[in-house]
Structure formats: C-alpha cells, structure tokens
Amino acid sequence: MNKKILLSVCMIAFIACNKTEKKSISEKNNETLSDEQIIQTVRGGYEFAYPVILFYATQRVMTNTEKIVVDNGPMRAPINQLVSASHFPDAKDHTVIRMNVDTYYTSSWMNLEKEPLVFQIPNTNNRYYLVPMLDAWSNVFFSPGKRSTGTEAQTYLITGPGWNGQVPSGMQQVKAPTNMIVLLGRTQVNSPKDGADIVRKIQEGYKITPLSAYGKPYTPPKGTIDPAIHRKAPGDAVMDMSAEEFFNTFNKLLVTNPPAAADSVIVKKLALVGIAPGAKFEISKFSKAVQDSINVISDWAKTEMLKNGFGSSKAVNGWSLERGLGNYGTNYKFRAGVAYTGWGANLDKDAMYPSSTVDINNNPYDGTKNKYILHFDKDQTPPTNAFWSLTLYDATGFFYDNSINRYSIGDRNPLKKNSDGSIDIYIQNENPGNDKQNNWLPAPKASFNLMLRVYWPKEEMVNGKWKIPGVKKQN
Numbered sequence: 080m081n082k083k084i085l086l087s088v089c090m091i092a093f094i095a096c097n098k099t100e101k102k103s104i105s106e107k108n109n110e111t112l113s114d115e116q117i118i119q120t121v122r123g124g125y126e127f128a129y130p131v132i133l134f135y136a137t138q139r140v141m142t143n144t145e146k147i148v149v150d151n152g153p154m155r156a157p158i159n160q161l162v163s164a165s166h167f168p169d170a171k172d173h174t175v176i177r178m179n180v181d182t183y184y185t186s187s188w189m190n191l192e193k194e195p196l197v198f199q200i201p202n203t204n205n206r207y208y209l210v211p212m213l214d215a216w217s218n219v220f221f222s223p224g225k226r227s228t229g230t231e232a233q234t235y236l237i238t239g240p241g242w243n244g245q246v247p248s249g250m251q252q253v254k255a256p257t258n259m260i261v262l263l264g265r266t267q268v269n270s271p272k273d274g275a276d277i278v279r280k281i282q283e284g285y286k287i288t289p290l291s292a293y294g295k296p297y298t299p300p301k302g303t304i305d306p307a308i309h310r311k312a313p314g315d316a317v318m319d320m321s322a323e324e325f326f327n328t329f330n331k332l333l334v335t336n337p338p339a340a341a342d343s344v345i346v347k348k349l350a351l352v353g354i355a356p357g358a359k360f361e362i363s364k365f366s367k368a369v370q371d372s373i374n375v376i377s378d379w380a381k382t383e384m385l386k387n388g389f390g391s392s393k394a395v396n397g398w399s400l401e402r403g404l405g406n407y408g409t410n411y412k413f414r415a416g417v418a419y420t421g422w423g424a425n426l427d428k429d430a431m432y433p434s435s436t437v438d439i440n441n442n443p444y445d446g447t448k449n450k451y452i453l454h455f456d457k458d459q460t461p462p463t464n465a466f467w468s469l470t471l472y473d474a475t476g477f478f479y480d481n482s483i484n485r486y487s488i489g490d491r492n493p494l495k496k497n498s499d500g501s502i503d504i505y506i507q508n509e510n511p512g513n514d515k516q517n518n519w520l521p522a523p524k525a526s527f528n529l530m531l532r533v534y535w536p537k538e539e540m541v542n543g544k545w546k547i548p549g550v551k552k553q554n
C-alpha cells in the first residue's frame, strides 16, 4: 500500500524546470511559468477542486426531483428538504455499494445563499444517532450526535458565509464555511420491529425549515426537474467533463463556496493559470504540450486519487483503515482520494470503517471451498461507546443473498461466547450447525470482502492501540 502523501499540492506545483523549456506568461501576474510548472499547477488544481465538483454533481442529481423519493433508486429530495429511508436494503438492492444494515439514513442537500435554515433534532431517548454536516470541500464542519451533543432535542440555525443576522432565542448558530452543504444522518436500528416502531418516529422529528418560515405553517415547495441533468453516477459525470468545463464550473462555485484561509498558498498559485473565483479558464492560452497534458487530466487524476484514498494505508492483519478522515486541512491529495473512493467520510471519533479483502496470511477471501473464523479474545471485541458490526459483501460490493437473510453480524446479535469468554464469528457458505448459527456470517461460494463498522469508537481504536485480529482460514 502506498503511504499517504502528506505534503500539500502547492509544495509540488512549482518544481524546478530545465531552463531551456518553453515559457508561458500569466497575464494577470506577469509571472513566467514553464510548461512543466503549468502542468503541475493545473494537476494540483484538479485535486484541490475535485471534492467541490463531485459535491456539485451529486447535489444536482440528488435534488433533481419534484418530490421526496425513497424507493426508486437513491433517496432524493428537492433542495433544502429532508428525506429519510425507513427500511434496510436487501441483496436485491444494487443502488449503492457497501450499504449498511445498522442505521436508517436521513439526508438533506442544502444551499444557504438565500437564507439560513433551521434544523431540528428530536429527543432520541438515549439512542445513538449521528448527523454530520459536510461543506462543499467534503470537510465535516459540525457533527451533532449522541457523542458530541447528547440525545436531548436540539435546534440549530445553519448560516452561510457572511450572514450577519440575529439568531433567534433557543437556537444555536452553526456557521457553514460554504453555501453548499449536506447533512448525512444515521439513526441506530436494532431490529426491523425497532425500526418500524421507534426509529421511524425519531426520523419524523428531524426537520428543516427556512428561517423566514420558522414558527409558521410551512409546506415545503415542489421541486423542479432539469431534464439536462441525467441520472448518471456523479463520479462518472465528473470524469466525463472536459478540463475547461471542470475548471470553469469550479471557478463559478468558488464565488459562493470559498476555500479556507489555510488554502491561501495554493489559491494564489492557481490564480496564475486561470483557476480563481469568477475567472475564465481557457486552455487555448497554453502551449500545445500543456494542452495535450490538460486534455487527459482526468485519466491522470483517476490513477492519483486511487493511490491516495481508501485502501492507501498499510494493512495490519489483513485490515486497511484510513485515519484522519472528515477534516483534511491542506492535505489535498488525501482529500481528493477519499472523495473519489468513498465520498462523505465521517470523523474518526464518530465512526471508523476498517475493510478487508484478504485473510491474516494475505490471501484473498474465497468462499468456494474455504471457511474462515474471526476470533475475538475475551473483552477484546471492537472498543466502542455505541455498537459495532461486521458486514460481508460480494466482489462487487453488494450483499450476498443467503438463506437466513443475514448480511452483517455484531454486538446487537445474540452472539454465543466460548467457555473462556471469547467470541468466534464463522464466515463460510455452509451453516456451521445450530450451536454456532448465532455467530454465522454467510459467505458466497466466490470471492468476497468484509467491512467492520465501529460507531463512536473508544480512544484505543481511534489512536490505533487496539488492533483488529486477522481473519483465519480454517481448512
């Protein structure tokens, strides 16, 4: 696995070049840049901009509806409206890869340009929930939940950059760094009955209201559908953009979604090549060599982002775990890589998702003839303040259709302990028998992979002191 690159992109954007190289001139700053410097700067700009463009592309698709949609594909709602899914996906659902069966989702794509929004959280009666708020750059800027703000009812006024109005009594102001934001809420579900009887009612208590309508009768307006916005996967749509479309879209979005103060170095350098708020990025101003490189920048970016996102960390006992998620500072390579390989990551202290494609001996999982065991010594299950689960996916990232409809297993299951207090989880195709069935995670007669979800992990997991045991082959 490649080591995460911790240097910011701006540190490599202006590497030394051969004096004989052709030079280009930045008209705005009258600064001379070599072709190679321009290429490196634009590449750095692509990584810097990618999370914003992906956010924008995703928001357009997810809000391109007249009404709330839950059952037909990914759940969607008009801009500034909440949508909640009150059911779990099954093995037939191939909408999104690596889904969970631990929590019900509640989400809202917001735009704060017109006015602030009031967000209400109900009393969850000590139940675990998490509602991280992500800005356009994919940073978590506020994360209410059981860990951070408790489970009593809460009311927040979410304001965009530059808003200077008065905060009504009884509300806590949350200052969003950008006007485009998203809420990605999760509420713990312990069983289908629990979900239907209790969690659904909690979800009904999550509310979003424009400040001007708060305290008055309010019916969310009907959304609009733009036929030009297709349902293509947002990530694919971004990769299909030409360089000019990509950077000019970014330049427009920068006007209302400003970068952080810490980004001042790279922002200044990107302006030299026409990447700036409201600017026009014109590829024709560059030499043919530069144009040829920029025209295939998305291919370059795919390779780079795959190297620096999920799976880029060194595996331990067959498990890969990225740390430092949710708030990336000036580590633009890592931020872009995470956005490309798993957009919407939580803060480490809220949830951690180690993944595994190989057993402890570094052999890929194969359920065709192999049986596996994940063994936890006594009192050594994943350290959590909330709960944990282990989910199995097929090679394509979807649930495996099995006879007991079990896609994950964890501490909310009636796991049977061994005589010494340890726990074995049996990962195999065949039922291990009645005495072990409670601990059985069905696997296909094919390749598969695993994801361990630990919600509100304890400090020993966050800091890496607790090591995940490797999965062992039994035959």
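In the numbering used here, the protein residues as written are 80 to 554. Note that the Cβ used here is the ideal one computed from N, Cα and C, for glycine as well.
Rounding to the nearest angstrom, what Cα-Cα distance links residue i and residue j in this structure?
i           : j           : result
residue 230 : residue 317 : 38 Å
residue 349 : residue 112 : 12 Å
residue 150 : residue 117 : 47 Å
residue 310 : residue 138 : 11 Å
residue 321 : residue 373 : 9 Å
residue 299 : residue 336 : 25 Å
residue 158 : residue 253 : 19 Å
residue 207 : residue 362 : 50 Å
residue 522 : residue 178 : 16 Å
residue 359 : residue 328 : 9 Å
residue 278 : residue 481 : 26 Å
residue 108 : residue 351 : Note that residue 108 has pLDDT 44, beneath the 50 cutoff, so the model's placement of it is unreliable and no number is given.
residue 552 : residue 344 : 50 Å
residue 119 : residue 376 : 11 Å
residue 209 : residue 427 : 13 Å
residue 528 : residue 248 : 50 Å
residue 443 : residue 437 : 4 Å
residue 280 : residue 483 : 28 Å
residue 282 : residue 186 : 10 Å
residue 447 : residue 474 : 13 Å
residue 115 : residue 216 : 27 Å
residue 471 : residue 176 : 12 Å
residue 390 : residue 405 : 16 Å
Report buried or exposed for residue i, applying the criterion of at least 16 other Cβ atoms within 10 angstroms of its Cβ.
i           : result
residue 486 : buried
residue 126 : buried
residue 383 : buried
residue 225 : buried
residue 144 : buried
residue 291 : exposed
residue 267 : buried
residue 142 : buried
residue 245 : exposed
residue 315 : exposed
residue 341 : exposed
residue 297 : exposed
residue 410 : buried
residue 274 : buried
residue 308 : exposed
residue 257 : buried
Opposite residue i in the DSSP bridges: which residues?
i           : result
residue 460 : Per DSSP, none; premise fails for residue 460.
residue 216 : According to DSSP, which records beta bridges pairwise, residue 216 is partnered with nothing at all.
residue 184 : 265
residue 164 : Residue 164 pairs with nothing; no bridge assigned.
residue 503 : 454
residue 190 : 259
residue 434 : 399 and 530
Roughly how far, in whole angstroms, is the beta-carbon of residue i from the beta-carbon of residue j, given that I think they are within contact range, below 8 Å?
i           : j           : result
residue 489 : residue 467 : 5 Å
residue 286 : residue 161 : 7 Å
residue 183 : residue 163 : 7 Å
residue 140 : residue 313 : 6 Å
residue 452 : residue 124 : Rounded, the Cβ-Cβ distance is 48 Å, inconsistent with contact.
Quick check for students: name the residue ranges of the alpha helix (DSSP H) that lie wholly in the segment 283 to 334, counting only runs of 4 or more. 313 to 318
In chain order, which alpha helix (DSSP H) runs of at least 4 residues are fully inside the segment 231 to 285? 279 to 284
Only counting runs of 4 or more residues, tell me where the alpha helix (DSSP H) segments fall wholly within the segment 357 to 417, in order along the chain. 367 to 373 and 376 to 387
In chain order, which continuous runs of the beta strand (DSSP E) of length 3 or greater are located wholly inside the segment 506 to 548? 519 to 521 and 527 to 536
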